[in-house]
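From first to last, the protein sequence lines are chains A and B.
Position 39 of the first sequence, counting from 1, maps to 39 under UniProt numbering, and the rest follow consecutively.
Position 58 of the second sequence, counting from 1, maps to 58 under UniProt numbering, and the rest follow consecutively.
The beta carbon of each residue, even a glycine, is placed where N, CA and C say it ideally should be.
Below: one structure, written as structure tokens.
Number of protein chains: 2
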Amino acid sequence: MSRDDRMKPEPVPDRSLHRRIRADLEERILSGAWSPGHRIPFEHELMTQYGCARMTVNRVLSGLVEAGLIERRRRAGSFVRRPVGQSAVLRIPDVKGEVLGRGETYRYELLSATRRKATRADHARIAVAVGAPVLALACRHFADERPHAYEDRLIALDSVPEAASADFAAELPGTWLLAHVPWHEAEHEITAAPADAKTAARLDVPAGTACLVIERRTWRSGAPITAVRLWYPGDRQKLVARFTPSTAAGPGR
Amino acid sequence: MSRDDRMKPEPVPDRSLHRRIRADLEERILSGAWSPGHRIPFEHELMTQYGCARMTVNRVLSGLVEAGLIERRRRAGSFVRRPVGQSAVLRIPDVKGEVLGRGETYRYELLSATRRKATRADHARIAVAVGAPVLALACRHFADERPHAYEDRLIALDSVPEAASADFAAELPGTWLLAHVPWHEAEHEITAAPADAKTAARLDVPAGTACLVIERRTWRSGAPITAVRLWYPGDRQKLVARFTPSTAAGPGR
DNA sequence: GAGTGGTCTAGACCACCGT
DNA sequence: CGGTGGTCTAGACCACTCA
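In structure tokens:
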């Protein structure tokens, strides 16, 4: 209404209208112009401002809710949320890709592959039934011919029986699993630990070296798939996580 | 059409219709019933299946795109995406909340607060102009009266001049900043490192102890706000990240 | 009671792209 | 060319909640 001609969707002036509205509102929130607690305009006000239907602004505002930037209360209005504590989107690196990405040569070595029955320790690690068949793998990742990471992996064969016949000397277990088990839920646990003698030897560092240890457990439809523990000498590996409010975890979702 | 009575939105049968459709589709994708590359039904097919308007299924499918679960191509259809490598939503714990959450007592101690001009090292750390005023803080967090974390923080006073007069002996710097600098972008860097002699003494652990080190840099509208480095004895702290495809980073967004 | 957001409809026009 | 998704409209009814 207030703008020139908004009857035709315009051949993407910058982007679509709802994207421009979204960007506008995000900018105001991120810059602090609208600080936490601020009540942002009602849908019908934004409707008038942008000369569009309510559905359009509603879609934008719903998106902001999902992104955790605002919260909405009936009868009251929409409000800028207080920054969500500290959450971040972390990229857990794919070892091979990460090494190659730094321009170093990559090599992978399978140290051992053992098929056995799950122990009590295995159960504690990944909740696979004690006695169920598992495949235990140990391998090393090299960057420029220096040991870069040591990988200790368990695969639940009940969930992924095909893994028993896969050739993990030729193919990376992680890659193979990703290709054979489409979607999954995962949990990552990140700690620092001193390398024990055996691990230190495998990584070619002094025993006790501070290592970054990433343990990843993977399920599919609740069934355990794999657990993998990656040891990186601390000075060799960094994890980087970026936080922007729009990537932050939403409210309760 | 195929369902009983879909004229009235029904008083939330389970949830709203679009949520149920969303859950249905997610389930099929997550379970692997629709594996990567699978073409999911066209909008008009879903429309018929659920007896709703195209706008409704479109909203669901757009959401799945944003969540990174599917990709859509005009004329071709919508397809299940290959799992995104390894990304996860990580909760960087608020030290105080995390300690209290475990039922331990929490105490905070400010060791030093120094106002000075930014050095070259400060610039490298947080890109504050050399010579600009900064506030350097050192503090300790105690859990059950044992040192739990050592915090080394830098605040750019050009960006947050009020920080100069804040009483950081009484209030946690992180909390204070969160309340005074509404939204921000942040970057986290997670590494493992052996504790140097000074840090080890502050944490009351032997020198060389493997520590989890989290460095967080925060900006607001591109201007540096603060950088904080947290040292946790490795056996004392774990970071946990959960990955579910719907929280995974989307395609290009 | 009145005003807000939550949801949904039944259309519509367009851009794009594969055949 | 035809069919797909991308976007938008102008309504509508409802639930909730505050005054």
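Note to self: Let's test the definition: count the other Cβ atoms within 10 Å of the Cβ of Arg216 (chain B) and tell me whether it reaches 16, buried, or not, exposed.
What the structure shows: Looking up residue 216 (chain B) in the second sequence gives position 216. It counts as buried.
Checklist line | Simplified DSSP state of Ser112 (chain A), which is helix, strand or coil | finding: For the purposes of this step, residue 112 (chain A) is taken as the residue at position 112 of the first sequence. Strand, per DSSP.
Check: Hey, out of B:Leu30, B:Arg75, B:Glu71 and B:Leu17, whose CA is closest to Met47 (chain B)'s CA?
Finding: Counted from its first residue, the second sequence places residue 47 (chain B) at position 47. Checked all of B:Leu30, B:Arg75, B:Glu71 and B:Leu17; the closest Cα to Met47 (chain B) is B:Leu17.
Checklist line | Partners in chain B for Pro36 (chain A), counting only beta-carbon separations shorter than 7 Å | finding: As a working mapping, residue 36 (chain A) is identified with position 36 in the first sequence. Neighbours of Pro36 (chain A) on chain B, chain order: Pro182.
Next item on the list: Using a Cβ-Cβ cut-off of 8 Å, state whether Val60 (chain B) counts as contacting chain A.
Entry: Along the second sequence, one-based indexing puts residue 60 (chain B) at 60. Val60 (chain B) does not count as touching chain A.
Check: Mind checking if Arg242 (chain A) is an interface residue toward chain B, Cβ cutoff 8 Å exclusive?
Finding: By one-based count along the first sequence, residue 242 (chain A) stands at place 242. Interface residue, yes.
Next item on the list: Pull up the distance between the alpha-carbon of Arg107 (chain A) and that of Arg153 (chain A), whole angstroms please.
Entry: The residue you call residue 107 (chain A) lines up with position 107 of the first sequence. The residue you call residue 153 (chain A) lines up with position 153 of the first sequence. Whole-angstrom Cα-Cα distance: 18 Å.
Check: Quick one: is Cys139 (chain A) near chain B, going by C-beta distance under 8 Å?
Finding: Here residue 139 (chain A) corresponds to residue number 139 of the first sequence, with the count starting at 1. Cys139 (chain A) does not count as touching chain B.
Notebook entry, point to check: Roughly how many angstroms separate the alpha carbons of Gly97 (chain A) and Ala164 (chain B), rounded to a whole number?
Noted result: Mapped onto the first sequence, residue 97 (chain A) falls at position 97. Mapped onto the second sequence, residue 164 (chain B) falls at position 164. Near 44 Å, if we compare the C-alpha coordinates of Ala164 (chain B) and Gly97 (chain A).
Check: What first and last residue would you give for the alpha helix (DSSP H) that runs through Ala121 (chain B)?
Finding: Here the question's residue 121 (chain B) lines up with position 121 in the second sequence. Note, Ala121 (chain B): alpha helix (DSSP H), Arg120 to Ile126.
Note to self: So that I know if they touch, is there some Cβ in chain B lying closer than 8 Å to that of Ile70 (chain A)?
What the structure shows: The sequence position of residue 70 (chain A) within the first sequence is 70, counting from 1. Not an interface residue.
Next item on the list: Just the C-alpha distance for Cys139 (chain A) and Pro147 (chain A), rounded to the nearest angstrom, thanks.
Entry: Taking the first residue of the first sequence as 1, we reach residue 139 (chain A) at position 139. Taking the first residue of the first sequence as 1, we reach residue 147 (chain A) at position 147. Taking the straight line joining both Cα atoms gives about 10 Å.
Next item on the list: Check whether the Cβ atoms of Val205 (chain A) and Ala193 (chain A) lie closer than 8 Å to each other.
Entry: As a first step, residue 205 (chain A) is located in the first sequence; it is residue number 205 there, counting from the start. As a first step, residue 193 (chain A) is located in the first sequence; it is residue number 193 there, counting from the start. No, these two residues do not count as a Cβ contact at 8 Å.
Next item on the list: Taking only beta-carbon positions, decide if Ala88 (chain B) is within less than 8 Å of chain A.
Entry: Indexing the second sequence from 1 puts residue 88 (chain B) at position 88. With its beta carbon less than 8 Å from one in chain A, Ala88 (chain B) belongs to the interface.
Notebook entry, point to check: Which residue's Cα is closest to the Cα of Thr199 (chain A): A:Ala186, A:Trp231, A:Ser221 and A:Leu212?
Noted result: Along the first sequence, read from residue 1 onward, the residue named residue 199 (chain A) stands at position 199. It is A:Trp231.
Notebook entry, point to check: Exposed or buried, which one is Arg202 (chain A) when buried takes at least 16 other CB atoms within 10 Å?
Noted result: Within the first sequence, numbered from 1, the residue matching residue 202 (chain A) stands at position 202. When all chains shown are included, Arg202 (chain A) counts as buried.
Next item on the list: Indicate whether at least one CB of chain B lies closer than 8 Å to the CB of Ser221 (chain A).
Entry: Counting from 1 along the first sequence, the entry for residue 221 (chain A) is found at position 221. By this cut-off, Ser221 (chain A) is an interface position.
Item checked: Bridge partner(s) assigned by DSSP for Glu138 (chain A) -> Counting from 1 along the first sequence, the entry for residue 138 (chain A) is found at position 138. Here residue 138 (chain A) turns out to be Ala, not Glu, going by the sequence shown. DSSP output for Ala138 (chain A) lists A:Ser112 and A:Asp152 as bridge partner(s).
Check: Is the shortest distance between the beta-carbon of Ala186 (chain B) and the beta-carbons of chain A less than 8 Å?
Finding: One-based indexing of the second sequence puts residue 186 (chain B) at position 186. Cβ-Cβ to chain A under 8 Å: yes for Ala186 (chain B).
Check: Is it right to say Thr191 (chain B) is buried, meaning 16 or more other beta carbons lie within 10 angstroms of its own, or is it exposed?
Finding: On the second sequence, residue 191 (chain B) is found 191 positions in, with the first residue counted as 1. Buried, since its Cβ has 16 or more Cβ neighbours within 10 Å.
Notebook entry, point to check: When the Cα atoms are used, what is the spatial distance from Met55 (chain A) to Phe42 (chain A)?
Noted result: Along the first sequence, read from residue 1 onward, the residue named residue 55 (chain A) stands at position 55. Along the first sequence, read from residue 1 onward, the residue named residue 42 (chain A) stands at position 42. Whole-angstrom Cα-Cα distance: 13 Å.
Check: Since His18 (chain B) is in the alpha helix (DSSP H), which residue starts that stretch and which ends it?
Finding: Along the second sequence, one-based indexing puts residue 18 (chain B) at 18. Unbroken alpha helix (DSSP H) run through His18 (chain B): Leu17 to Ser31.
Next item on the list: Starting from Thr191 (chain B), follow the beta strand (DSSP E) in both directions and report where the run begins and ends.
Entry: Within the second sequence, numbered from 1, the residue matching residue 191 (chain B) stands at position 191. Its beta strand (DSSP E) spans residues Glu185 to Pro194.
Notebook entry, point to check: Taking the continuous alpha helix (DSSP H) assigned at residue 337 (chain A), which residues delimit it?
Noted result: Chain A is shown from 1 up to 253; residue 337 (chain A) falls before or after that span and cannot be answered.
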